[in-house]
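In our numbering, the protein residues as written are 3 to 353. The C-beta atom is built at its ideal place from N, Cα and C for all residues, glycine as well.
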Amino acid sequence: MNHFDVVVVGGGPGGSSSSILCADEDLNVLLLEKGERDRHKACGGVLPAVAPDTIEDILDVEIPESVMQNPTRLGLYYVPPSGRKNRAVLDGYHIHNIDRDRFDQWLQDTAKKRGVDVQYHSKLVDFEHDQQFRIQIDTPSGKQIVTSDYLIGADGARSTTRQILFPEVEVPRMLVGQEEWRAGGDFGDYFYGFFRHDISKAYAYIIPKANRLLIGLGAVPHTEPNVNELLSRFKQWLTEEFGFRGLELFNREVWAIPFGYFYPGVGNALLVGDAAGLCNPLSGEGIRPAIESAEAAVFALVTDDETSLVERYSRNVAGLLAMIRELNEFVRGLDDDKMEEFVRQEAERSL
Numbered sequence: 003m004n005h006f007d008v009v010v011v012g013g014g015p016g017g018s019s020s021s022i023l024c025a026d027e028d029l030n031v032l033l034l035e036k037g038e039r040d041r042h043k044a045c046g047g048v049l050p051a052v053a054p055d056t057i058e059d060i061l062d063v064e065i066p067e068s069v070m071q072n073p074t075r076l077g078l079y080y081v082p083p084s085g086r087k088n089r090a091v092l093d094g095y096h097i098h099n100i101d102r103d104r105f106d107q108w109l110q111d112t113a114k115k116r117g118v119d120v121q122y123h124s125k126l127v128d129f130e131h132d133q134q135f136r137i138q139i140d141t142p143s144g145k146q147i148v149t150s151d152y153l154i155g156a157d158g159a160r161s162t163t164r165q166i167l168f169p170e171v172e173v174p175r176m177l178v179g180q181e182e183w184r185a186g187g188d189f190g191d192y193f194y195g196f197f198r199h200d201i202s203k204a205y206a207y208i209i210p211k212a213n214r215l216l217i218g219l220g221a222v223p224h225t226e227p228n229v230n231e232l233l234s235r236f237k238q239w240l241t242e243e244f245g246f247r248g249l250e251l252f253n254r255e256v257w258a259i260p261f262g263y264f265y266p267g268v269g270n271a272l273l274v275g276d277a278a279g280l281c282n283p284l285s286g287e288g289i290r291p292a293i294e295s296a297e298a299a300v301f302a303l304v305t306d307d308e309t310s311l312v313e314r315y316s317r318n319v320a321g322l323l324a325m326i327r328e329l330n331e332f333v334r335g336l337d338d339d340k341m342e343e344f345v346r347q348e349a350e351r352s353l
């Protein structure tokens, strides 16, 4: 039976970053990715302006051009409920446009180069913990069992790791619906954020990707209208305001993101990124919180003081958590008037 210092569940940014940082501490690490190499991940695929510097500072590696998507830099363009005439255009602020699938694979490959054992087609089934973790993994060749001293769950908003640690907990989530179109319309090189309460209680967006557009929005699960109806309503608004013309639909996806919870872990098991509930509810951006929480988790793991591992991690991630909780409170309190005021303030800030 193979034993590792740390087993990390999930090959997204939080999992790969946790693995890289553990390996840099000379720990023996297994990274479990349930998908195959180059697997697809539903995502808008954008990073805030500070993210490349954050990634370089934390992981000591630069984002390669090969994972970028054209246009590589996007301005920020907000549209309030009253429409385009009262827009806020923040040309001084930029967002990085990435191909999420290539980005994730680059991080996994970086982990392997740092000495991590990266295992694909490997799905966490269950685990037990006494003196160490006994972890059951489903693989194409059958059930595999490994042991470890520590476990890091980086397996997303529907985290199996979290469900095992907190079996009685039902966490609040937001659904994100996204369509990929070849389309016409008056769109430039911007990340477009749209705010109108009858379309989304949080946010809607357009992201240009090469010669296509990603059109998406956040929706509360199990409510009316549903995601598809909201997307139809959004596209009608886009037609009225920007002359949107859908020419060819390539893909439609729905996935979940955290919406107002934080579970750091139990004992020697920690949760990072979406699994812990660390995601920006105003934009849906979770890559930077995943990487920052990975750093906080690994620093807690290699630091020895009189507090518990979970206490150290919670302390390390307190600033990030405070920001996310403040944004969550802001989003939950939004109505059309507050959305209008938010965009007006952003317009003034851009002057």
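- A residue is called buried once 16 or more other Cβ atoms fall within 10 Å of its Cβ, and residue 6 is buried on that count.
- Under the DSSP assignment, residue 203 falls outside any alpha helix (DSSP H); it carries neither an H nor an E label.
- For residue 313, the number of other beta carbons within 10 angstroms of its own is below 16, and it is reported as exposed.
- Check the Cα spacing between residue 332 and each of 262, 307, 139, 174: the tightest is with 262.
- Contact between the segment 124-134 and the segment 144-161 is established, with three or more Cβ pairs separated by less than 8 Å.
- Across the structure, residue 36 and residue 89 are spaced so that their CA atoms are roughly 42 Å apart.
- Secondary-structure assignment with DSSP links residue 79 through a beta bridge to 91, 194.
- Residue 180 is bridged by DSSP to 218, 255.
- Residue environment for residue 341: buried (at least 16 other C-beta atoms within 10 angstroms of its C-beta).
- Proximity of the segment 174-192 to the segment 245-260 meets the contact definition, three or more beta-carbon pairs being nearer than 8 Å.
- For the pair of segments examined, the segment 158-166 was found not to touch the segment 46-63: the number of CB pairs separated by less than 8 Å stays below three.
- For residue 41, DSSP records no beta bridge to any residue.
- A distance below 7 Å between beta-carbons, with the five flanking residues on each side excluded, links residue 92 to the following residues of its chain, in chain order: 77, 78, 348, 352.
- The beta-carbon distance between residue 286 and residue 157, rounded to whole angstroms, is 18 Å. This is too long to meet the 8 Å contact definition.
- According to DSSP, residue 185 shares a beta bridge with 248.
- Per DSSP, residue 144 lies in no alpha helix (DSSP H); the unbroken beta strand (DSSP E) holding it starts and ends at 144-155.
- Where residue 346 is concerned, the enclosing alpha helix (DSSP H) starts and stops at 338-351.
- Ranking 299, 326, 268, 320 by CA distance to the CA of residue 288 puts 326 first.
- In the DSSP assignment, residue 163 falls within the alpha helix (DSSP H) that extends over 162-167.
- DSSP places residue 322 within a helical segment (H, G or I) once states are collapsed to three.
- Bounds of the alpha helix (DSSP H) holding residue 105 are 102-115.
- At a Cβ-Cβ threshold of 9 Å, residue 290 and residue 10 do not count as neighbours.
- Excluding its 5 nearest sequence neighbours in each direction, residue 68 has C-beta neighbours in its own chain below 7 Å: 104, listed in chain order.
- Cβ-Cβ distances below 7 Å link residue 40 to 103, 107 in the same chain, with the five nearest sequence neighbours on each side left out; the list follows chain order.
- Residue 280 is a Cβ neighbour of residue 295, given a cutoff of 9 Å.
- Per DSSP, residue 278 has no beta bridge partner at all.
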